[in-house]
Every structure is written in structure tokens, then in C-alpha cells.
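Here is the structure we will look at.
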Amino acid sequence: MSIAIEPSTRVESGTRLRHFVSDSTVAVWRNLLQISRVPTVMIFELLQPIMFVLLFSWVFARNIANLPGGITYVEFLMPGIFVQNAIFGATTTAVGLAEDLKKGIIDRFRSLPMARSAVLVGRTVADVGKNFVLVLLVIVVGYLVGFRFENGLPGAVGTVLLVLAIGFAFSWISATVALTLKEVEAVQAAMFTGVFPIVFVSSAFVPVAGMANWLQPIAEHNPVTIWANTARVLSIGDPVMPAGASLPSMIAQSTAWIAGLLLVFVPLAIRQYRKLT
Amino acid sequence: MGDAIIRTEGLAKSFGDVHALKGIDLEVAQGTVFGLLGPNGAGKTTAVRILTTLLLPDAGRAEVAGLDVVRDAEALRSRIGLAGQSAAVDENLTGLENLEMVGRLYHLPGREARRRANEVLERFGLADAGRRLAKTYSGGMRRRLDVGASLVARPDILFLDEPTTGLDPRSRIDLWELIRELVREGKTMLLTTQYLEEADQLTDRIAMVDLGTVIAEGTADELKAQIGGEVLEVHVADTIQAGVAAGTLKGVGAGDPSVDAEAGIVRVPVGQAGPEALLDSVRRLDDARIVVDDIALHRPTLDDAFLALTGHAAEEAATEESAPKRGRRRRSKEGDER
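Residue numbers (my numbering), protein chains in the order written: chain A, 2 to 278; chain B, 322 to 659.
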């Protein structure tokens, strides 16, 4: 009574693409379901940016010098928080993958005739969905403490898109780390210690001009600075435009960094996945 | 065995200094159940992982359904199902969602995946629990779901890696029944186990593995004949006397007594002449004034089998060999061990 499914000894490239799309869709669906089933993770992920916003905006409020264009600290801070939130949020990709590895779920996937990269695509795309919800919630928090998008709807949409793209790129870095280190705790620690300095040594929270002299060039070239500045100009407009910069060139630079990271880490993560034993 | 559907030749795999498999040759005939029997660290899981394309062998070759596990890995994956230690279910999905997901990943159309998922739930006695999250399942239910997942696409070759490890006796017997049913349907199955009884109950042929090599192969009866039937086990009250007791018991059974000096246990293979040997032993021990805590006949266990075939106890083999590997293996097992 058992009917064997047709053995597919040779997989055509069209079929391959179809399988990749369908496998990735299933993987996205599974990860979104999982996120929705463990809402506590999401709640804590949301608490963290709220805490950052409140702490920074009240503690640092009038202690931050060198603010551009006569804006308030909250206005300066929020676009940086959006970027920081996307980067920190991407660490869940690593933790989720490490947990799947530990529980043997990755083994199950690897024994199935599914596209090798679909597990990673499923994870990173689902995390973009999760990040989207988080970004919207953080914007609400921002509005409560006095932040406003002053550059119109296109600027606001642009900010959100930029932030999601940053999160997506970091999800792939995150996946590479998880597939390399494999242990949940190690992955968590590595992501945390890696991500913290990258975000702090940037213009995300404070202007670079007030940092130690030797640190300034590093901070200036940190992609997080480029992204935070771009998000700031997109949300607030010309008053925060760095000297000698223009929005198109900032968007181009931001996009180039994101594309560059994806070009390096997507193949790297997939390679690590294939190398799993 | 010209119709072998699983065949390995000199399959070898090392993890650093640990030689998990030292070149094993296996042949499994279509429609039969083959058991890989051995203690922890014997290499059973490594063999299954290679055969299911999860792991690349260092040397040798393996074919399943005429497909090379390395070269034709992609095509092979749609022909096999894997359950047990190295596969798992997603705790945050319901039973139904888990099975549907696996069906979809075998590229069944959505509706067909759902239909078969429901069918499997029904059959495995999980229909009522199908809409509950898998994390609320008992160990037995989880394992049934796990085996069920390997069946959604109705592959004709199944790999079950220690399917009953960690289950209570009731769940174990339930799962045995399920496995027997699948066999009646003509599936080919390779299962690994640490229990001789399980291999005896379920398999047509058994390969005993130890330290990465096959040390004996045959039907359960053939192996039991080799092991030597029943074993008389004597626990001496004073462990120092274990050696003396062994000397006293020389000749009561079919083979020479073996001594576990530390635990004060003497074991004598007695073949089919258990009762006579027991009476004889009691007399001899009494004459020699050796006080015993316990004396009993045992049906051969895996330990006895190892003792008989390798001269060392199975547990020794396990700790000795799996110690360096434990770190890397544990990860994938934790989910099942709970």
C-alpha cells in the first residue's frame, strides 16, 4: 500500500528554483510561527530598545554636546536607536539557529530533499518580519518621548526600509557566527561582544566629534555611523546633513555597505551550513 | 544478497583522534529490518548519519537504493526517512504543523501534505494531540511524532536511530508495534539500538558494532548461539573473594567464568543448562564457604554479548571511546534526552 514518491535522480534547474522558493516559504512560515509562539522573546527584545530610549534620552538629555542643526537629543537619538535596534535584533537569527542545531532540527532539515540555503533564507527573512514589527513599536516609543519624522512620509518609509536592510545583512553575519560556533551560549556571547563596540563607536547614540581623537577616524568610517547619519537625514531632513554630504551619496554609501556585507556573508553562511556534520 | 538496498564497503570516519568507524561492511536486503546493535560510542549513529547524507565518510563507500550517499546525496534524500537521535521535532509547532512542514519540504503539494500529516497522526494515536504544541507532548508521543515525520512522504527506506532510547516500557512497546506494522508494509529499515532484546524483537539481521567495527553479524538466533545462551551471575559478599569464586565455578558452565573484581561479580556462561549449573554452583560455593549476596540466571544481555565476543564489557567500551566525542555528540542528542 505504500506508494514511493518519484525518485528525482536529476533535478532540473527550473525545478530547483521552484523548490528553493517553496522550501524557503515553508521555512519562513515555520520561523514566523515560532516567533509568534514564544512571544516572551519578542517582548524582551522590545523592552531593550525602550530601556535604551528612556535611559539615553533622560540621562544624556542635556549632557550631549555637538548636536547638529540645533535639534534636541531625542531627535538625534531615535534614528540611531532604529539602526541599533536592527543590529541587536539580528542577533536572534544566531540564537535561533544555534538552538535549532542543538535540538537536532537542522539535522532533520538536512536529511530532507530541501534546498540547502532555504533554512537560512527562511530564518533571515522571518527575522526581517520580526524586525519590522519591532521597528514600528520603537517608532511609537519614539513618538511618546517627543521624536517626530520631520522629513515627510517618504523619509519615514526610507528610514524603515534602510533599517530593515541593515537588519537583514546582520542576520546573515549572525547566521555565519551561529553555524561556526554552534553552541548557543557561545553564539550569544560572541554576538553581544561583537555588536556592542560596533554600535557604540559610531554616531548612533552620540556625535562622533566628542569622542577621543584617535577614535574619531574609526567611528567616522564605521558603517554604523554612515547608516545612523543616513537614517537621521531621512527622518529629520537637511538640518542634520553632515557637511559636504548629500542624501543620494549617503544612500549610495549605506546601500554599498549593506550589499557588501550580504555579498560576503550570504555565501559564507551557506558554506558553513553545507559544512555542518 | 544480490538485492541489497543498503550496502557499505569499508566505511570509515574519524573525528580528530576518535575513530568512530573503522571500515564497516554492511548489506541490508530490501524489505527487511536490519539492526545495528552496540553501546554508546560504538559508531552506530555515525553510520546512520553517513547513510542519511548528514555526514561525509572519510573512506569507503555506501549506497542506498542504488544511490551513492556522497555523489547522489540530493536524489537520495527524497527516498529515505530519518528519525531518532539525530532528527527532531519543532517544539513550538503543533504535531500537525510539524508533519505538514516535513511533507512540504519533501515537495508534496500543500493539500497532500496536510492529508498525509493527518493520516500519520491518526495512525500513531496522535490525532487528539495534533493541534497541541509538540512541547506539551510526553517523551513517547514526541518520539512517535518524530518517527511519523519520517513517514509523511512514504519513503521506502527508513533509518531509526535508537528510536526507543529514553522511553518508558509502555511507550517502547507501543513503538515496537508501530515498527512491526511498517515492516509488514514492506519498508526496509535500518535501526540502531543498545538493547539486544529490542534487536531480537524487531530485526531480521543484526550487526553488532563495537569501537567502530562490526564484531558479529547474523540473525538474532545465530548471535545468541554465539553468545552462549544464559549467564549465571554471582555477587560475592566479600569482593576479595571474587577471584576464588571464579576458580571454584570453573567448569560448571559452557565457558570460563569472568570476573568483575571491583563489583565482586562472577559471570559464567551456562548455555542452555541453566538450572543444573545453578544448583551445581550453589553446592560448590557452599563447599568453598564463599558467602554470596545474590546468585541468579540471566538471559544474555548486550553486556554478556560483548563479554562473550570482545572479552570486555560494553560499558567500558563506551566510556573509553566516547569520552572525547561526547562534547560534539551531546549537542544533537540533548533534545531527545530531556
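Even glycine gets a Cβ: it sits at the ideal position worked out from N, Cα and C.
Q: Could you tell me which chain A residues have their CB closer than 9 Å to the CB of L403/B, listed as they occur along the chain?
A: D108, R109, S112, L113
Q: Can you give me the Cβ contacts of E637/B inside the same chain, cut-off strictly under 8 Å, excluding the 5 residues immediately before and after it?
A: With a pLDDT of 44 at E637/B, under the threshold of 50, the modelled position of this residue cannot be trusted; read the value that follows with caution. Result list for E637/B: empty, nothing under 8 Å.
Q: For A66/A, collect the residues of the same chain with a Cβ closer than 7 Å to its Cβ; drop the 5 residues on either side in sequence, then sort them by chain order.
A: G211
Q) Counting only runs that start and end within the segment 456-520 of chain B, where is the alpha helix (DSSP H) found for 4 or more residues in a row? A) 460-470, 490-505
Q: Kindly indicate if chain B contains any beta-carbon less than 8 Å away from that of Q273/A.
A: no
Q | C-alpha distance - G238/A paired with M251/A, whole-angstrom precision | A | 12 Å
Q.
Can you tell me whether A541/B is buried or exposed? The criterion is at least 16 other CB atoms within 10 Å of its CB, across all chains shown.
A. buried
Q) Hey, is N413/B's beta-carbon within less than 8 Å of any beta-carbon in chain A? A) yes
Q | Buried or exposed (CB count within 10 angstroms, at least 16 for buried), V54/A | A | buried
Q) Could you give the residue range of the alpha helix (DSSP H) that holds H428/B? A) H428/B -> no alpha helix (DSSP H), and no H or E assigned at all.
**Q.** N- and C-terminal bounds of the beta strand (DSSP E) containing F336/B
**A.** 325-336
Q: Put R432/B into one of helix, strand or coil per three-state DSSP.
A: helix
Q. With a CB to CB cut of under 7 Å and the five nearest residues on each side skipped, what residues in its chain are close to D24/A?
A. M115, A116, A119
Q: Return no unless some Cβ of chain A is closer than 8 Å to the Cβ of E483/B.
A: no
Q: Note down, in chain order, every chain B residue with its Cβ under 7 Å from the Cβ of S25/A.
A: Chain B residues near S25/A: none, gap ~11 Å exceeds 7 Å.
Q: Tell me, please, whether the segment 388-401 of chain B touches the segment 13-23 of chain A by the rule of three or more beta-carbon pairs shorter than 8 Å.
A: no
Q: Please name the residues in the segment 256-267 of chain A whose beta-carbon is closer than 7 Å to at least one beta-carbon of chain B, in chain order.
A: none
Q: Flag this pair as touching only if the segment 515-522 of chain B and the segment 367-383 of chain B have three or more C-beta atom pairs under 8 Å; answer yes or no.
A: no
Q: Could you spell out where the beta strand (DSSP E) holding D664/B opens and where it closes?
A: Coverage of chain B is limited to positions 322 through 659, which leaves residue 664/B absent and any answer about it impossible.
Q | Extent of the continuous alpha helix (DSSP H) to which R370/B belongs | A | 365-372
Q: Would you decide whether W59/A is buried or exposed? Buried here means 16 or more other CB atoms lie within 10 Å of its CB.
A: exposed
Q) If you run the structure through DSSP and keep just helix, strand and coil, what is E348/B? A) strand
(Q) Taking 7 Å as the limit between beta carbons, can you name the residues of its chain near V164/A, skipping five residues before and five after? (A) F83, V84, A87, V136, A232
Q: Using a Cβ-Cβ cut-off of 8 Å, state whether R233/A counts as contacting chain B.
A: no
(Q) Measuring only the C-alpha atoms, how far is I51/A from V139/A? (A) 7 Å
Q) Where does F206/A fall in DSSP's three states? A) coil
Q: Ignore the nearest five residues each way along the sequence and tell me which others in L403/B's own chain have a CB closer than 7 Å to its CB.
A: T373, S471, F480
Q.
Just to make sure I have the definition right: I need the residues of chain B whose C-beta is within less than 8 Å of the C-beta of Q35/A. Which are they?
A. D411, N413, L414
**Q.** Beta-carbon neighbours of T279/A, restricted to chain B and to distances below 9 Å
**A.** Any property of residue 279/A remains undetermined from this structure, which presents chain A solely from 2 to 278.
Q | Span of the alpha helix (DSSP H), counted from its first residue to its last, around V603/B | A | 595-608
Q: Give the DSSP bridge partners of I527/B, in chain order.
A: G356/B, G539/B
Q | Neighbouring residues, chain A, relative to L454/B (Cβ below 8 Å) | A | R38
Q. Using the beta-carbon count (16 or more within 10 Å), is K545/B buried or exposed?
A. buried
Q. Of the choices G359/B, I326/B, R526/B, whose alpha-carbon is the least far from that of G387/B?
A. I326/B
Q.
Taking the straight line between their C-alpha atoms, what separation do you get for V126/A and F169/A?
A. 7 Å
Q.
Does the CB of K131/A have a neighbour CB from chain B at under 8 Å?
A. no
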